[in-house]
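Novice:
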Amino acid sequence: MTKYDDLTEFLLRLGDSALVHAQRLCEWTGRAPALEEEMGMMNVGLDLVGQARNWYEYAAERIGDGTDADTLAFRRDERAFRNLLLVEQPNGDFAVTMTKQFFYDAWQYHLLTALQHSGDERIAAIATKSLKEVTYHLRRSSQWIERLGDGTDESHQRMEKAIDTVWRFTFEMVEANDSESALASSGVIPSLADLPEQWLATVNDVFRNATLTVPDAPSTFYLSARTGMHTEHLGILLAEMQFLQRAYPDASW
Amino acid sequence: MRAGELITTDLQGRSGDETDIQRAYSVLEEVMDPEVPVVSVMDLGIVRDVDWADGHLHVVVTPTYSGCPATEYIETAIREALQGAGFAFPKVSQRLDPAWTTDWITGQGRERLKAYGIAPPVGSSDKRSLVSGVAQVTCPHCGGDETEQLSEFGSTACKALYRCKSCLEPFDYFKCI
Ligand SMILES: [Zn+2]
Numbered sequence: 001m002t003k004y005d006d007l008t009e010f011l012l013r014l015g016d017s018a019l020v021h022a023q024r025l026c027e028w029t030g031r032a033p034a035l036e037e038e039m040g041m042m043n044v045g046l047d048l049v050g051q052a053r054n055w056y057e058y059a060a061e062r063i064g065d066g067t068d069a070d071t072l073a074f075r076r077d078e079r080a081f082r083n084l085l086l087v088e089q090p091n092g093d094f095a096v097t098m099t100k101q102f103f104y105d106a107w108q109y110h111l112l113t114a115l116q117h118s119g120d121e122r123i124a125a126i127a128t129k130s131l132k133e134v135t136y137h138l139r140r141s142s143q144w145i146e147r148l149g150d151g152t153d154e155s156h157q158r159m160e161k162a163i164d165t166v167w168r169f170t171f172e173m174v175e176a177n178d179s180e181s182a183l184a185s186s187g188v189i190p191s192l193a194d195l196p197e198q199w200l201a202t203v204n205d206v207f208r209n210a211t212l213t214v215p216d217a218p219s220t221f222y223l224s225a226r227t228g229m230h231t232e233h234l235g236i237l238l239a240e241m242q243f244l245q246r247a248y249p250d251a252s253w
Numbered sequence: 254m255r256a257g258e259l260i261t262t263d264l265q266g267r268s269g270d271e272t273d274i275q276r277a278y279s280v281l282e283e284v285m286d287p288e289v290p291v292v293s294v295m296d297l298g299i300v301r302d303v304d305w306a307d308g309h310l311h312v313v314v315t316p317t318y319s320g321c322p323a324t325e326y327i328e329t330a331i332r333e334a335l336q337g338a339g340f341a342f343p344k345v346s347q348r349l350d351p352a353w354t355t356d357w358i359t360g361q362g363r364e365r366l367k368a369y370g371i372a373p374p375v376g377s378s379d380k381r382s383l384v385s386g387v388a389q390v391t392c393p394h395c396g397g398d399e400t401e402q403l404s405e406f407g408s409t410a411c412k413a414l415y416r417c418k419s420c421l422e423p424f425d426y427f428k429c430i
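Protein sequence lines, in the order shown, are assigned to chains C and L.
Per my numbering: the first sequence = residues 1 to 253.
Per my numbering: the second sequence = residues 254 to 430.
1) Quick check: is any heavy atom of ligand 1 less than 7 Å from the C-beta of Glu401(L)?
2) Name the two residues that bound the continuous beta strand (DSSP E) containing Trp305(L).
3) Any chance the CB of Trp407(L) is under 7 Å from a heavy atom of ligand 1?
4) Start and end of the alpha helix (DSSP H) containing Gln23(C)?
5) At a cut-off of 7 Å, is Cys26(C) close to ligand 1 when judged by its beta-carbon and the heavy atoms of the ligand?
6) Ordered along the chain, which non-local residues of its own chain (more than five positions away) have a Cβ less than 6 Å from that of Gln51(C)?
7) Classify Leu244(C) as helix, strand or coil using the three-state DSSP reduction.
8) At the 8 Å Cβ level, is Gln23(C) part of the contact set with chain L, yes or no?
9) Nearer than 7 Å: is that true of the beta carbon of Pro397(L) relative to any heavy atom of ligand 1?
10) Looking only at its own chain, which residues have a Cβ that is under 6 Å from the Cβ of Met254(L), when we skip the five neighbours before and after it?
11) What span of residues does the alpha helix (DSSP H) with Tyr278(L) cover, start to end?
12) Could you tell me if the beta carbon of His394(L) falls within a distance shorter than 7 Å of some heavy atom in ligand 1?
13) Which residues of chain L have a Cβ atom closer than 9 Å to the Cβ of Thr128(C), listed in chain order?
14) Alpha carbon to alpha carbon, how far is Arg79(C) from Pro249(C)?
15) At a Cβ threshold of 8 Å, is Ala32(C) touching chain L?
16) How far does the alpha helix (DSSP H) with Gln198(C) in it extend, from its first residue to its last?
17) Does Phe427(L) have its Cβ less than 8 Å from a Cβ in chain C?
18) Under 7 Å from any heavy atom of ligand 1, does the C-beta of Ser419(L) make it?
19) Does any CB atom of chain C fall closer than 8 Å to the CB of Ile430(L)?
20) For the segment 36 to 67 of chain C, which residues have a beta carbon sitting closer than 9 Å to at least one beta carbon of chain L?
21) Return yes when the C-beta of Glu180(C) is under 7 Å from any heavy atom of ligand 1, and no when it is not.
22) Give me the Cα-Cα distance between Asp350(L) and Glu37(C), rounded to the nearest whole angstrom.
23) Given 7 Å as the limit, tell me if Glu422(L) has its C-beta closer than that to any heavy atom belonging to ligand 1.
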């Protein structure tokens, strides 16, 4: 198993999370509850594919040996992916999809806000660009959480069930990490020490308006994106996403 | 070496000057956005630099949205338009920083959007207007101020879907970023 340097691993964490989340959103094509929501999800997905490409291109340059953004997206195995466990979870109903979206958006929002001030200029540029898009993503998903949580009995109940389903994967967004601390102390990125608190504050605010209860802090378990130990869902997602490039390497149109 | 690099300069040995750059800009005024074909790449403010280097014309563009599928198309369209105007092998490259903002859409671009039925971005792109509520948008069809947002995302990532409460027509609003 290849383990890259801290910065490359960090870039893959950002790129893989964006790509896998976007791939999940694509599964709603033709099945969304309303046309407007379908367009919304596809456009959010498109933004994220673009962001993934920007992170991948940087990672690929660092890896060298002819690796490019496509190789990273389509020719790596499950164990090499560094995406958050949260984003690989199945879409479930619209409440689960929106809950995943909201937790991820809030994480992206605070992370990118910090990364705008990175010592590494390329990271700062991609973060600044991405944040403009993510601000709209977060606004949309927050509104949905409030509408569903503070909606009908049925929607409220489904929101509670959705939170129950995915909350345990959020431990990854709020855990401290040595390699990120190392990147921060060498001045590549700013310190991310406040990220857990900021993420939780956004969740608290939105849940309060949505009449939803924030569960107790989730505990860490043996799976982790950082080591490539994923849930059983990622392999299936990749099998579909990578099929064409695996079956017909270097196919183009 | 790529094919075009055999051509050592864009203008058959003559080095380009300010007049050629002005000519390049007027060519770019005619390169239209594929999704909103009434606004040019100049109207959108995505052309960041036009200059000479090593005998070639260099055009620097910035993408509107990270995942905008029109980005590659636009780069090709720019290259082809310049070649059509006699620049043998113009080079087009991308720059992310500073990130594109709707503040760079020109006055002419805003007028053209409106005439096409798309409400131009309201206000400036400071962070406050992004996080705080929905913008007060004027209907591009009837000029009415009573409009409502139907969806945060319209036909493309750069637009939101609105409806006019006066003439009841739906319309796209070019979001402020
Ligand atoms: Zn109207």
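All C-beta atoms in this analysis are idealised placements derived from N, C-alpha and C, irrespective of residue type, glycine included.
Specialist: Quick answer:
1) no
2) Val300 to Ala306
3) Rather than Trp, the amino acid found at residue 407(L) in this sequence is Gly. Every heavy atom of ligand 1 is 7 Å or more from the Cβ of Gly407(L), so no.
4) Asp6 to Cys26
5) no
6) Ala18 and Ser130
7) helix
8) no
9) One detail in the question is off: residue 397(L) reads as Gly in this sequence, not Pro. At least one heavy atom of ligand 1 is nearer than 7 Å to the Cβ of Gly397(L), so yes.
10) Low local confidence applies: a pLDDT of 46 at Met254(L) is under 50, so the model's placement there is unreliable, and no value is given.
11) Glu271 to Leu281
12) yes
13) Leu349, Asp350, Pro351 and Ala352
14) 20 Å
15) no
16) Leu195 to Asn209
17) no
18) yes
19) yes
20) Glu36, Glu37, Met39, Gly40, Met41, Met42, Asn43, Val44, Gly45, Leu46, Asp47, Leu48, Val49, Gly50, Gln51, Ala52, Arg53 and Asn54
21) no
22) 31 Å
23) yes
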